[in-house]
Each structure stands twice: as structure tokens, then as C-alpha cells.
Amino acid sequence: MNNEKNPSENGKLLNDFIRYLRTEKNASPHTIAAYYANTVEFAVKIRNSDASFDDWTSVDRDQARSFIMALHESGNSKSSIQRKLSALRAFFRYLLICGKVAENPFTALPAIKTDKTLPKVMSINQVDSLINAVTACWLAKESANSIRNSEAAAFSCSRDKALIEAIYSGGLRISEVLGLNYGDADVSSGIVKVRGKGKKERLAVLGTPAKKALREYLRFRNAAGASRDREAPLFLNQQLSRLTPRSFQRNLKSYLLQAGLPPDLTPHKLRHSFATHLLDAGADLRSVQEMLGHENLSTTQIYTHVSAERLKKVYLQSHPLAGGKKS
């Protein structure tokens, strides 16, 4: 997607908003693409326009309500409608800040109650299986003679093990871990400086397995001649450029298959697992909030429900009277 090259075709205010998300809010490429698409969808459905639409000052609350109805009629789920409304709220919040509109027509709309779904988490054994599958996967490729360069394979293997360990150990988003620079990680202390959403910085802690994996990867990284400049990317592809989320997620599918784990597990599930396992072990909610980089405690509280559900499941499976039957 390229929204900046031709403002006359894409709508200047929308273009400015996209640039603001990228440079000021440090939004992920996924968020930027979604916000752009959702805003254009409003222009198409309600104003019979396209990405060139730029008359945002005339948008009113009736049109905002019409957008909700149009999304319902198109078969959008409640959660999907909520996400799209969030994008429009953010856009008009930006226009308010810039003095381009007098009010935000997407605030104070009737609430859309969505079914609350708990985030999926991996068990500790599943996390271990995934990490072990990285080495097993590359060994299997070597046995099948599908690897042309054993050194390059060892590089990728060590890198991906370090990535998985860092995500799970530090509770990092995939965009955060792949955004790390060489100078952000202090392996000896196990402290990593993370740039999260909105360019907010926080410190993440790496445990002993993560430090060991990162140290091993750095040995391969430095042997490959990669830059050790503090601003150089930490996690690299074979061309020694910054690794992309898509490349890592492609490899992750192979590791999930190797481990016999559900194919819908994602790097973000490791972050969910990090939070849930901490709470299971007795960590306090405020500390977990800080480690995750959540702005609001309510965002973190969802993991207390996950922990409660896990405890309930264990109880029902283990307690002799849980089912109401006496032996």
C-alpha cells in the first residue's frame, strides 16, 4: 500500500493521518493498513466516493450511524464493526487536533455489545515443544537434503529460537521484537529496551533460556559480518537486513507443524501466554501491565479471567467432588 505518493488521488487529510500514524504514533503496518482501509470503506459506503474523498468536515453523526447499519447489512461481526468504528474515531480525533473539523461524529454512538472472548494461550509444555521444534525442523531439512547452505540454516535456526524465547520471556509484540536494534539488548543483564505503541519505551526482562538463545544467535550474527552499530537491526534475514514479521511467521508455521501444535497459533499467542503464566505464578496485575506496556489496567485484566478459567478447568478435572458425584 502506498498512500503518500499522490495526495491528489488519495485524499490529503487521509494521507496526513496515515503519515501521523506512522511517524508520530509508531503504529504497526497492520494497523496503518486497517485504518486506511476502514476509512476508505466509510467513504465508499456512505459518501459514494473513494480514497480521493476529502470533504470530511461535512460528515455528521447520522452518517456515522448509517455506516454502522451498512456494516451490519454487509454481514460484519460485532467485533469487526467495533474495530472499524475505532479507526474512524481515531481519524476524526486527529482531524479535531488539526482543527479540520468541529466535532468527532463517531463519539457517543450507541454501544455495540460484543461477545467477550478470552485470548488463547499456550501451555508451558506447548511453548517448550515449539522452541524444541525449531532445531528439529532444521535438522529434518538437513536430513532431507533440502538445505543448500548449512551455515545459513544454522543462522536462521539460532535466530528463530532467540526470537521465540524473547517474545515469550519478555512478553513482546512481534513488531517490538523485530524493531529491536543491536544496542537495545544487554545480554549480560537480560534487559531489553523496547519501543512499543505510540513510541513509548519500556524495559523488558529476558530469563536465562532467552539470554542463552540470544547469545547463541549473536555469535552467528556477528560471524556473518553484520553491523554492530547500536542502531543496526538486531534480528536479520539472510541478506543481513531487518527481518520482517511475514518472514518469521512463515517459518513459524513450519515449527508448529513440526511440533504438532495448532496451526493458528501466532507470535501474539506467546505474548498472551507470557501474561497468563505470570499471573498463574502469582505476579501482581500492575507489574504485568507494566511489562506488557499496556496503557490501561483494564486491558491487562483480561488475563486474570484466563487464569481463572484455567484454574476452574483444573479443579473440575481433578477434584473428586467437582462433578457433584460422590464416590
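Numbering (my numbering), first residue to last: 325 to 651.
Ideal Cβ placement from N, Cα and C applies to all residues, glycine included.
- Proximity winner among Val511, Gly520, Asp510, relative to Gly495 (alpha-carbon distances): Out of Val511, Gly520, Asp510, Gly520 has the C-alpha closest to the C-alpha of Gly495.
- Query: Going straight from the alpha carbon of Gly514 to that of Met615, what length do you get?
  - Reply: Whole-angstrom Cα-Cα distance: 14 Å.
- Message: Could you check whether the region 446 to 455 touches the region 591 to 606, counting it as contact only if at least three pairs of C-beta atoms, one from each stretch, sit closer than 8 Å?
- Response: Contact holds: three or more Cβ-Cβ distances are below 8 Å.
- Task: Give me the Cβ distance between Val518 and Lys485, rounded to the nearest whole Å; I'm assuming they're in contact under 8 Å.
- Result: About 19 Å separates the beta carbons of Val518 and Lys485, which is beyond the 8 Å limit, so they are not a contact pair.
- Would you mind giving the Cβ-Cβ distance between Leu502 and Pro569, rounded to the nearest angstrom? I have them listed as a contact below 8 Å. Indeed, because the Cβ distance is near 6 Å, the residues count as touching under 8 Å.
- Query: Buried or exposed: Cys422, going by 16 or more other Cβ atoms within 10 Å of its Cβ?
  - Reply: Counting Cβ neighbours within 10 Å, Cys422 comes out exposed, since fewer than 16 surround it.
- For the alpha helix (DSSP H) that Leu594 lies in, which residues bound it at each end? DSSP places Leu594 inside the alpha helix (DSSP H), whose first and last residues are 591 to 604.
- Unbroken alpha helix (DSSP H) run spanning Ile370, endpoints: Run containing Ile370: 353 to 371, per the alpha helix (DSSP H) assignment.
- Beta bridge counterpart(s) of Asn505 as assigned by DSSP: According to the DSSP secondary-structure assignment, Asn505 is paired through a beta bridge with Pro557.
- At which residues does the alpha helix (DSSP H) containing Glu525 begin and terminate? That residue, Glu525, is in no alpha helix (DSSP H); its beta strand (DSSP E) goes 525 to 529.
- DSSP state of Val612, grouped into three classes? Helix.
- Item | Boundaries of the alpha helix (DSSP H) in which Ile471 is found, first to last residue | Where Ile471 is concerned, there is no enclosing alpha helix (DSSP H), given that its DSSP letter is neither H nor E.
- Query: In chain order, which alpha helix (DSSP H) runs of at least 4 residues are fully inside the region 428 to 457?
  - Reply: As far as the region 428 to 457 is concerned, it has no whole alpha helix (DSSP H) run of at least 4 residues.
- Who are the Cβ neighbours of Glu540 in its own chain at under 6 Å, not counting the five residues just before and after it? Ser482.
- In or out: Leu621 buried (at least 16 other Cβ within 10 Å) or exposed? Exposed is the call here.
- Between which two residues does the alpha helix (DSSP H) carrying Lys402 extend? Per DSSP, Lys402 belongs to the alpha helix (DSSP H) from 402 to 421.
- Task: Give the DSSP-derived three-state secondary structure of Arg519 in the structure shown.
- Result: Looking at Arg519 - three-state DSSP - the assignment turns out to be strand.
- Task: Assign Arg497 to buried or exposed, taking buried as 16 or more other Cβ atoms, counted over all protein chains shown, within 10 Å of its Cβ.
- Result: Label assigned to Arg497: buried.
- Under 6 Å Cβ to Cβ from Pro557, same chain only, skipping five residues before and after it: list those, please. Within the same chain, Pro557 has close Cβ partners Arg566.
- Task: Could you tell me the boundaries of the alpha helix (DSSP H) in which Asn350 lies?
- Result: For Asn350, there is no enclosing alpha helix (DSSP H), since its DSSP letter is neither H nor E.
- Message: What I want to know is whether the C-beta of Ala509 ends up closer than 8 Å to one or more non-hydrogen atoms of the ligand ADP.
- Response: No copy of the ligand ADP occurs in the structure displayed, which carries no ligand at all.
- Query: Ends of the alpha helix (DSSP H) at His396?
  - Reply: In the DSSP assignment, His396 falls within the alpha helix (DSSP H) that extends over 385 to 397.
- Task: Grab the span of the alpha helix (DSSP H) containing Gln582 for me, first residue to last.
- Result: For Gln582, the enclosing alpha helix (DSSP H) has its first and last residue at 569 to 583.
- Message: Taking the beta carbon of Lys437 as the centre, do at least 16 other beta carbons fall within 10 Å, making it buried, or is it exposed?
- Response: The residue is exposed, with fewer than 16 neighbouring Cβ atoms inside 10 Å.
- Rounded C-alpha distance that separates Ala550 from Asp384: In a straight line, the C-alpha of Ala550 is about 53 Å away from that of Asp384.
- Ser493, buried or exposed, once every other Cβ within 10 Å from all chains shown has been counted against 16: Buried, since its Cβ has 16 or more Cβ neighbours within 10 Å.
- Query: With distances taken from CA atoms, which of Asn561, Leu560, Val511, Arg554 is nearest Ala537?
  - Reply: Taking only the C-alpha atoms, the option nearest Ala537 is Val511.
- Query: What's the gap between the Cα of Phe572 and the Cα of Tyr627?
  - Reply: In a straight line, the C-alpha of Phe572 is about 26 Å away from that of Tyr627.
- Item | Selection from Glu427, Glu489, Glu525 that minimises the alpha carbon distance to Ile455 | For the residues Glu427, Glu489, Glu525, the minimum Cα distance to Ile455 belongs to Glu489.
- Message: Between Lys408 and Leu337, how many whole angstroms is the CB-CB distance? I'm expecting something under 8 Å.
- Response: The distance from the Cβ of Lys408 to that of Leu337 is about 18 Å, inconsistent with a contact at the 8 Å cut-off.
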